[in-house]
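Participant: To start, I am sharing the structure in question, which I have written as structure tokens.
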Amino acid sequence: ENIYNLPNFLTVTRLFAAPATAYLLLHDHHTWALGLFAYAGITDLVDGWMARKWKLQTVAGSVIDPMADKALMIILTVTLAVKGAIPLYLATLILGRDASLAVAAIYYRYASLPAPKTFLRYWDFSLPSAEVHPTTVSKYNTFLQLILIGSTLALPVVAASGQQTEVLNLSTEQLHTAMQYFQYVVAATTAWSGLSYAYLKNVVTILGTNEELKAKQGARGRAIIGVTFGGCVLAAAWLAANVDRPVAAAEKDGEKEQEGTA
136 ENIYNLPNFL TVTRLFAAPA TAYLLLHDHH TWALGLFAYA GITDLVDGWM ARKWKLQTVA
196 GSVIDPMADK ALMIILTVTL AVKGAIPLYL ATLILGRDAS LAVAAIYYRY ASLPAPKTFL
256 RYWDFSLPSA EVHPTTVSKY NTFLQLILIG STLALPVVAA SGQQTEVLNL STEQLHTAMQ
316 YFQYVVAATT AWSGLSYAYL KNVVTILGTN EELKAKQGAR GRAIIGVTFG GCVLAAAWLA
376 ANVDRPVAAA EKDGEKEQEG TA
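Residues in the sequence shown are numbered consecutively from 136, following the working numbering.
Structure follows, in structure tokens:
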């Protein structure tokens, strides 16, 4: 197959856009970061459409495309958490969910791969061994996470321009409050999405004829997700109660002191 085509090129540029956006954020170039994020979102739609319309789908593209999406989400989540733009508990949930699913995917791939289980066969995607069916809440959660990241990137740009009072009829403080409630929604859907992979049996279909073995492998995979992501949920709850909430309260007290001094 010819991997040197326009859809794959756009996918690769999206892969490099993730660290570039993070660099711009760390150096407070918010407008450029927002623009690059918008580019990543647009090319994510365009490259898939082009590949389907012109019959340019490739195995390489099917691997790189989700890799680029995850790289964008993970790198920007870490960067925004470091900048204090999103709370630590939310970053823990988002990253913990992806890490838990990745660990389970490694297990599913190895456990269900037909013998002989070699390194080369493990990475040979022409040998399918399991199929993952994303849950409905997982699809909604992915969409909400992207909206959250985009909104968080846009917030300082909008606040700096002063357009929030003219277009949205909201003050900067009201925008931050709205974002806080939206973060709660994303946290809830992220937790629900991650745990759904732990208790729903039809999410992963293991290929093969040994039904008893497939049932055991499925149970072990779900247990891996339940234990790893369950630990992340507990860690996020602790961070919300002991780190994020005190920090938010201290910032609010500082703002009140500044207003009183003024």
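Idealized CB from N, CA, C, for every residue including glycine.
Assuming residue 235 contacts residue 360 (C-beta within less than 8 angstroms), just tell me the rounded distance between them.
Facilitator: With a Cβ gap of about 5 angstroms, residue 235 and residue 360 count as contacting.
Participant: Quick one: grab the DSSP three-state call for residue 238.
Facilitator: In this structure, residue 238 counts as helix in the three-state DSSP scheme.
Participant: Taking the runs of the beta strand (DSSP E) that are 3 residues or longer, which of them lie wholly in the segment 241-272?
Facilitator: Qualifying beta strand (DSSP E) stretches, in chain order: 265-267.
Participant: Report the partner residues of residue 80 according to the DSSP bridge assignment.
Facilitator: Missing from the structure shown is residue 80; the chain here goes from 136 to 397 and no further.
Participant: Leaving aside the five residues before and after residue 247 along the sequence, list all residues of the same chain whose C-beta is less than 7 angstroms from its C-beta, in chain order.
Facilitator: These residues qualify, in order along the chain: 264, 265, 341, 342, 343, 352.
Participant: Whose C-alpha, out of 163, 146, 139, is nearest the C-alpha of residue 288?
Facilitator: Residue 163 is the option with its Cα nearest to residue 288.
Participant: Would you report the Cα separation of residue 309 and residue 185, rounded to the nearest angstrom?
Facilitator: C-alpha separation (whole angstroms): 41 angstroms.
Participant: Measuring CB to CB, does residue 216 end up less than 9 angstroms from residue 223?
Facilitator: Yes, the pair counts as a contact, with Cβ atoms nearer than the cut-off.
Participant: CB residue 283 to CB residue 318, shorter than 9 angstroms?
Facilitator: Yes.
Participant: With 16 other CB atoms within 10 Å as the buried threshold, where does residue 259 fall?
Facilitator: Classification for residue 259: exposed.
Participant: Between the segment 171-179 and the segment 143-157, do three or more beta carbon pairs fall short of 8 angstroms?
Facilitator: With a cut-off of 8 angstroms, the segment 143-157 and the segment 171-179 count as touching, because enough Cβ pairs lie within range.
Participant: What first and last residue would you give for the alpha helix (DSSP H) that runs through residue 167?
Facilitator: Residues 165-188.
Participant: Quick check: the Cα distance between residue 170 and residue 204, rounded to an integer number of angstroms?
Facilitator: For residue 170 and residue 204, the distance between alpha carbons rounds to 16 angstroms.
Participant: Any idea what DSSP makes of residue 191, helix, strand or coil?
Facilitator: Note: residue 191 maps to coil in three-state DSSP.
Participant: Rank 281, 378, 294, 334 by C-alpha distance to the C-alpha of residue 210 and give the top, closest one.
Facilitator: With distances taken between Cα atoms, residue 210 lies closest to 281.
Participant: Give the DSSP-derived three-state secondary structure of residue 137 in the structure shown.
Facilitator: If DSSP states are grouped into helix, strand and coil, residue 137 belongs with coil.
Participant: When DSSP labels each residue in this structure, what does residue 311 get in the three-state scheme?
Facilitator: Three-state result, residue 311: helix.
Participant: Could you give the distance in angstroms between the alpha-carbon of residue 230 and the alpha-carbon of residue 324?
Facilitator: Their Cα atoms are separated by approximately 14 angstroms.
Participant: Of the choices 183, 188, 212, whose alpha-carbon is the least far from that of residue 198?
Facilitator: Comparing Cα positions, the closest option is 183.
Participant: Do you know how far the Cα of residue 214 is from the Cα of residue 192?
Facilitator: C-alpha separation (whole angstroms): 32 angstroms.
Participant: Are the CB atoms of residue 257 and residue 245 nearer to each other than 9 angstroms?
Facilitator: Yes, they are a contact pair.
Participant: Please classify residue 332 as buried or exposed, where buried requires at least 16 neighbouring CB atoms within 10 angstroms.
Facilitator: Buried, by the Cβ-count rule.
Participant: Does residue 274 come out as helix, strand or coil in the three-state DSSP assignment?
Facilitator: Correct three-state label for residue 274: helix.
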